[in-house]
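Peer 1: Following this message is one structure expressed as structure tokens.
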Amino acid sequence: MDEIRPMRAEVGIIPNADGSALFASGKTVAIAAVYGPKQLHPANKRKPDRGIIRCEYNMLPFSVSDRARPGPSRRSKEISLVTESALSAVTDLSRFPGSVIDVQIMILQADAGTRCAGVNAAAMALAHAGIVMREMVSSIAIGKIDDKIVVDITKEEEDWTEGEGSTDIPFSITSNNEVTHLQLDGYIQTKRFKEAIDAAKNACSKILEIQSRALKGEIVDENKGGKKK
Amino acid sequence: MKISNINKRKITELLKEGKRLDGRKPFDIRDVEIETGVSNKAEGSARVRIGKTEVIVGVKMGVQEPYPDHQDEGTMMVSMEFSPAAGERYELGPPKIEAIETSRVVDRGLRESGFIDWKKLCIEEGEKVWSVMVDIYCINDDGNVLDACGIGALVALKTAKFPVYDKKEGAIKYGELTKDSLPLTDNVPLTMTFYKIGDSLVFDPTREEEDSAEARLTLSISQPKKEKIINSMQKGGIVSMTTDDLNNIIDESEKVYNKLFPDIEKKIKGLK
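Those sequence lines, one after another, are chains A and B.
End of the first sequence sits at 229 in my numbering; the numbers just go up one at a time, nothing left out.
End of the second sequence sits at 501 in my numbering; the numbers just go up one at a time, nothing left out.
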């Protein structure tokens with residue numbers, strides 16, 4: 001219930017990019033590439049006092065059972081926006097006035113929690129690109145299946161309809177325990193929300209450890225570490 | 230259009246003492262005005278004003294094939310646009326990300342609460358179901374458009390009537406309305422957005438206050454039985470929130486709900 005699926009993490013997977021990373025949790029796999037900071041065009045979008053992060057979250061057509069139409073959708077645009085928020089809050093953007101940092105996120109394989117895997121990969125790619133960050137950020141989808149709080153919800157769990165049904169709560173939490181991204185879909189009592197926050201904090205600290213190991217150059221694969229599948 | 234630093238500082242400083250430029254307390258809402266029947270071509274419509282913020286909502290009904298994974302359930306689509314009429318900052322063109330986000334947040338509140346009984350929108354399983362299309366237009370933006378959209382969608386859905394459907398022809402006779410309302414439940418979701426300005430939290434901001442905020446959190450809350458249920462949440466803005474902020478917002482949202490919801494219910498009943 002409180003276990004994250006086996007994680008994989010690696011940086012430097014895209015040689016051309018200034019920073020890049022892979023993050024996988026169970027069957028959900030995301031890669032991210034960072035280019036920049038570079039001058040923003042068109043000039044009227046520039047911010048005189050800070051840089052901006054521009055994200056593109058892209059679920060590849062073959063990442064899901066029924067082929068997804070390529071190109072941006074309303075869903076992907078919204079996820080790109082919340083990812084931008086999640087990352088902007090931890091990046092010291094005041095150092096790059098008038099600039100843009102481009103973050104490309106691709107989902108290769110989807111089994112729920114894709115936006116969280118995307119944030120995890122993107123945060124690693126930003127750090128790998130040497131961009132000044134105040135803190136690291138990690139992301140996890142907390143779920144509520146009927147009346148139980150679970151960590152790292154899968155597609156199968158997401159489709160649960162009995163009892164109180166399923167609730168999906170993606171969180172992004174910094175190493176300082178601040179929330180930079182939060183969404184919720186479903187049915188949860190106001191009193192029980194605190195449990196979800198605690199579960200998210202706990203899980204994010206575990207993810208942070210994996211991200212840090214990968215950033216130090218290790219190719220992390222929990223599947224190979226003798227741990228159960 | 231960008232808020233000047235001096236105004237932003239003034240707003241932030243005042244809020245530290247729990248004060249606002251228009252004399253409200255941090256969690257007070259401006260007057261809410263509700264009107265219905267804005268368009269007689271729509272199956273349901275509403276105009277909602279919160280202070281000077283104003284949105285118009287129309288509900289149109291259609292008949293379509295159900296989605297493959299929900300063969301016996303009707304469908305809903307919510308879209309939202311900021312008309313260039315709404316203020317200097319809005320330009321012509323397809324809906325931008327702010328509008329897309331707003332429509333998706335309103336959509337999720339309605340959908341996840343179970344406000345609409347989808348199964349009762351089924352005409353023939355696997356063949357034909359009703360589709361509910363909710364279109365929201367902001368025509369004047371003085372802050373807190375998101376919550377106005379949420380209330381507007383509720384009211385428009387509550388007043389909507391089914392059009393006449395000819396089963397033989399398989400077509401809708403638009404212009405002829407039945408007396409049947411949509412199959413709605415008591416799980417009425419109320420969308421409320423809280424903004425963080427400096428270290429203070431505030432509800433129902435004016436445009437200037439909204440421009441001073443660097444983070445916001447939207448919640449949709451319904452109360453099917455005794456307990457209040459959160460049906461959707463969305464954090465926005467480029468600054469983080471502490472877990473204390475989140476807990477405070479949830480507490481305040483329950484208080485706002487207790488005040489605002491009966492007020493809206495009363496206003497809707499007063500219309501009929």
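For every residue, glycine included, the Cβ atom is placed at its ideal position computed from N, Cα and C.
Can you pull the chain B neighbours of A/LYS77, defined as C-beta to C-beta under 7 angstroms?
Peer 2: ILE326, ILE329
Peer 1: Between the segment 169–185 of chain A and the segment 457–471 of chain B, do at least 3 Cβ pairs fall closer than 8 angstroms?
Peer 2: yes
Peer 1: How many angstroms separate the CA atom of B/GLY506 from the CA atom of A/GLU178?
Peer 2: Residue 506 of chain B lies beyond the residue range present for chain B, which begins at 230 and ends at 501; the question has no answer from this structure.
Peer 1: My understanding is that B/LEU350 touches B/PRO412, with C-beta atoms under 8 angstroms, so please give their C-beta distance in whole angstroms.
Peer 2: With a Cβ gap of about 7 angstroms, B/LEU350 and B/PRO412 count as contacting.
Peer 1: Give a yes or no on whether the minimum CB-CB distance between A/LEU126 and chain B is below 8 angstroms.
Peer 2: no
Peer 1: Distance, Cα to Cα, B/ARG333 vs A/ARG75?
Peer 2: 8 angstroms
Peer 1: Going along the segment 334–359 of chain B in order, which residues come within less than 7 angstroms of chain A, judged by CB to CB distance?
Peer 2: ARG337, GLU341
Peer 1: Pick helix, strand or coil for A/HIS128, following the three-state DSSP scheme.
Peer 2: helix
Peer 1: Short check: CB of B/THR265 to CB of B/ALA275, under 8 angstroms?
Peer 2: Closer than 8 angstroms, so yes.
Peer 1: When Cβ atoms are compared, which residues of the segment 167–182 of chain A fall closer than 7 angstroms to chain B?
Peer 2: THR174, ASN177, GLU178, VAL179, THR180, HIS181, LEU182
Peer 1: Using a Cβ cut-off of 7 angstroms, pull out every chain A residue sitting near B/MET462, in sequence order please.
Peer 2: Within chain A, the residues near B/MET462 are LEU182, GLN183, LEU184.
Peer 1: Determine the direct distance from the alpha carbon of A/MET7 to that of B/GLY322, and round the result to whole angstroms.
Peer 2: Between B/GLY322 and A/MET7, the C-alpha separation is close to 42 angstroms.
Peer 1: Excluding sequence positions up to five away, which residues of its chain have a Cβ less than 8 angstroms from the Cβ of B/VAL485?
Peer 2: PHE256, ILE258, MET421, PHE432
Peer 1: Hey, how far is the Cα of B/LEU448 from the Cα of B/GLU481?
Peer 2: 11 angstroms
Peer 1: Which same chain residues end up closer than 6 angstroms to B/PHE391 when comparing Cβ atoms and leaving out the 5 residues on each side of it in sequence?
Peer 2: THR407, ASP409
Peer 1: Classify A/SER94: buried if its beta carbon has 16 or more other beta carbons within 10 angstroms, exposed otherwise.
Peer 2: Its Cβ having fewer than 16 others within 10 Å, A/SER94 is exposed.
Peer 1: Consult DSSP for A/ALA196 and reduce its assignment to one of helix, strand or coil.
Peer 2: helix
Peer 1: Can you tell me where the beta strand (DSSP E) with A/PRO37 in it begins and where it stops?
Peer 2: It spans 28–39 - the beta strand (DSSP E) in which A/PRO37 sits, taken as one unbroken run.
Peer 1: Which residue from A/GLU156, A/LYS144, A/LYS201 puts its Cα closest to that of A/GLY163?
Peer 2: Residue A/LYS144 is the option with its Cα nearest to A/GLY163.
Peer 1: Please confirm if A/GLN104 has its CB atom under 8 angstroms from at least one CB of chain B.
Peer 2: no
Peer 1: For B/LEU379, which residues in chain A fall below 8 angstroms Cβ to Cβ?
Peer 2: The sequence given here has Gly at residue 379 of chain B, not Leu. In chain order: nothing, as chain A lies at least about 15 angstroms away.
Peer 1: So within the segment 363–447 of chain B, which uninterrupted beta strand (DSSP E) runs reach at least 3 residues, ignoring any that extend past its ends?
Peer 2: 390–395, 400–410, 419–426, 429–432
Peer 1: So what does A/HIS181 bridge to, in DSSP terms?
Peer 2: According to DSSP, residue pairing for A/HIS181 in a beta bridge involves A/SER172.
Peer 1: Grab the span of the beta strand (DSSP E) containing B/VAL292 for me, first residue to last.
Peer 2: Here the beta strand (DSSP E) through B/VAL292 covers 282–293.
Peer 1: Taking its Cβ as the centre, do 16 or more other Cβ atoms sit within 10 Å of A/TYR187, making it buried, or is it exposed?
Peer 2: buried
Peer 1: So B/GLY399 packs on B/VAL286, CB below 8 angstroms; how close in whole Å?
Peer 2: Their Cβ separation, rounded to whole angstroms, is 28 angstroms, which puts B/GLY399 and B/VAL286 out of contact at 8 angstroms.
Peer 1: Between B/GLU242, B/LYS231, B/PRO453, which has its C-alpha nearest B/ILE426's C-alpha?
Peer 2: B/GLU242
Peer 1: At what residue ranges does the segment 94–139 of chain A contain a whole run of the alpha helix (DSSP H), taking only runs of 4 or more?
Peer 2: 114–128
Peer 1: Apart from the five residues on each side of it in sequence, which residues of its chain come closer than 7 angstroms, Cβ to Cβ, to A/HIS128?
Peer 2: VAL11, GLY12, GLY19, SER20, ALA21, LEU215
Peer 1: Measuring only the C-alpha atoms, how far is A/GLY118 from A/VAL34?
Peer 2: 12 angstroms
Peer 1: Grab me the residues of B/PRO418's own chain with a C-beta within less than 8 angstroms of its C-beta, minus the 5 sequence neighbours each way, in chain order.
Peer 2: Here the set comprises GLY338, LEU339, GLU341, SER342, PHE344, GLY379, LEU383, SER449, ILE450, SER451, ASN460, SER461.
Peer 1: Can you tell me which of B/VAL361, B/SER429, B/GLU310 puts its alpha carbon nearest to the alpha carbon of B/LYS245?
Peer 2: Comparing alpha-carbon positions, the option among B/VAL361, B/SER429, B/GLU310 lying closest to B/LYS245 turns out to be B/SER429.
Peer 1: Give the secondary structure of A/THR161 by DSSP, where H, G and I count as helix, E and B as strand, and everything else as coil.
Peer 2: coil
Peer 1: In the structure shown, what three-state DSSP assignment does B/THR471 receive?
Peer 2: strand
Peer 1: Specify, as a first and last residue, the run of the alpha helix (DSSP H) that A/ALA86 falls within.
Peer 2: 74–88
Peer 1: Using the Cα positions of B/THR388 and B/GLY273, report the straight-line distance between them to the nearest angstrom.
Peer 2: 5 angstroms
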